[in-house]
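Student: My structure is below; once you've seen it, I'll send some questions.
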Amino acid sequence: MSSISKASRLFDRIDQREYLFCQALNRTVRFRPVLAYFRTVSRLGDGWFWYVLILSIPVLAPGNGAALALLMALTGLTCTLTYKGLKRWLIRERPFISFPAINCGTPPLDRYSFPSGHTLHAVCFQVMLACTLPALAWWVLPFTLSVAASRVVLGLHYPSDVVAGALIGGSLGLLSVRMLAPALTVAA
Numbered sequence: 170m171s172s173i174s175k176a177s178r179l180f181d182r183i184d185q186r187e188y189l190f191c192q193a194l195n196r197t198v199r200f201r202p203v204l205a206y207f208r209t210v211s212r213l214g215d216g217w218f219w220y221v222l223i224l225s226i227p228v229l230a231p232g233n234g235a236a237l238a239l240l241m242a243l244t245g246l247t248c249t250l251t252y253k254g255l256k257r258w259l260i261r262e263r264p265f266i267s268f269p270a271i272n273c274g275t276p277p278l279d280r281y282s283f284p285s286g287h288t289l290h291a292v293c294f295q296v297m298l299a300c301t302l303p304a305l306a307w308w309v310l311p312f313t314l315s316v317a318a319s320r321v322v323l324g325l326h327y328p329s330d331v332v333a334g335a336l337i338g339g340s341l342g343l344l345s346v347r348m349l350a351p352a353l354t355v356a357a
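Positions in the sequence shown are counted from 1; adding 169 to them yields the working numbering.
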């Protein structure tokens, strides 16, 4: 039996268990302010918020901000390659595709669900900021949490996609700061 069919069977079982929770959160998009808020967060989480933040860091932290911005950009690229590879390999359909009762609150950027790339990036950058600029990390935290919530609320991801994205992103962020930040600081 191939690893894809094993993953597919596992996801089918998990999807059934997460369906009711996904549906309950997704029902909140019936309220226009909720839908508008999470659509906006999702759009900003497509990268716009992070691009502006990364470009602002050299100004906000003149001492090591340029090195941190470069590190975040490189780690962000690693995050993109990681989640795209996993999605192509694991092939999990999105909740709104598998369950017609779940509404798609905004068009997805790609086809598959596992892991959540938005959450992966958000948590990665949150961890990087927490390790290097903790005061700024506190300001960014509500956005990071909103990005993670938006994925399920908008019907784009299962909670396990979000948890996996958070674990992978947090690990990549921590690994990046622990292993590469010293080298960039010395080079800068």
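Note that CB positions come from ideal geometry on N, CA and C, so glycine has one too. Every value quoted in this text rests on a predicted model; they were computed, and no experiment measured them.
Taking 8 Å as the cut-off, does the segment 228-247 touch the segment 308-320 (at least 3 CB pairs, one atom from each stretch)?
Tutor: Short answer: they don't touch.
Student: Judging by CA-CA distance, which residue of Arg280, Trp258, Leu240 is the nearest neighbour of methionine 348?
Tutor: The candidate whose alpha carbon is nearest that of methionine 348 is Leu240.
Student: Give me the residue from Val331, Ala304, Leu341 with the minimum Cα distance to isoleucine 226.
Tutor: For isoleucine 226, the nearest C-alpha among the options comes from Ala304.
Student: Compute the distance between the beta-carbons of valine 322 and threonine 197, then report whether it is under 8 Å.
Tutor: Yes. Within cutoff.
Student: Applying the criterion that 16 or more other CB atoms from any shown protein chain within 10 Å of the CB defines a buried residue, is phenylalanine 218 buried or exposed?
Tutor: Label assigned to phenylalanine 218: buried.
Student: Using DSSP's beta-bridge definition, name the partner residues of tyrosine 281.
Tutor: Note: tyrosine 281 sits in a beta bridge opposite Glu262.
Student: Between the segment 183-192 and the segment 323-335, do three or more beta carbon pairs fall short of 8 Å?
Tutor: Taking 8 Å as the limit for Cβ pairs, the verdict is that the segment 323-335 does touch the segment 183-192.
Student: Should phenylalanine 207 go down as buried or exposed, given a rule of 16 or more other Cβ atoms within 10 Å for buried?
Tutor: Buried, because 16 or more other Cβ atoms sit within 10 Å of the Cβ of phenylalanine 207.
Student: Could you give the residue range of the alpha helix (DSSP H) that holds arginine 212?
Tutor: Its alpha helix (DSSP H) spans residues 201-212.
Student: Go ahead and pull the three-state DSSP assignment for proline 276.
Tutor: Reduced to three states, the DSSP call for proline 276 is coil.
Student: Given alanine 318, which residues of its chain have a CB within under 6 Å of its CB, disregarding the five upstream and five downstream residues?
Tutor: Once the five neighbours on either side are set aside, alanine 318 has no close Cβ partner at all.
Student: Suppose contacts are defined by Cβ-Cβ distances below 8 Å. Is glycine 214 in contact with leucine 289 by that definition?
Tutor: Not a contact, by the Cβ cut-off of 8 Å.
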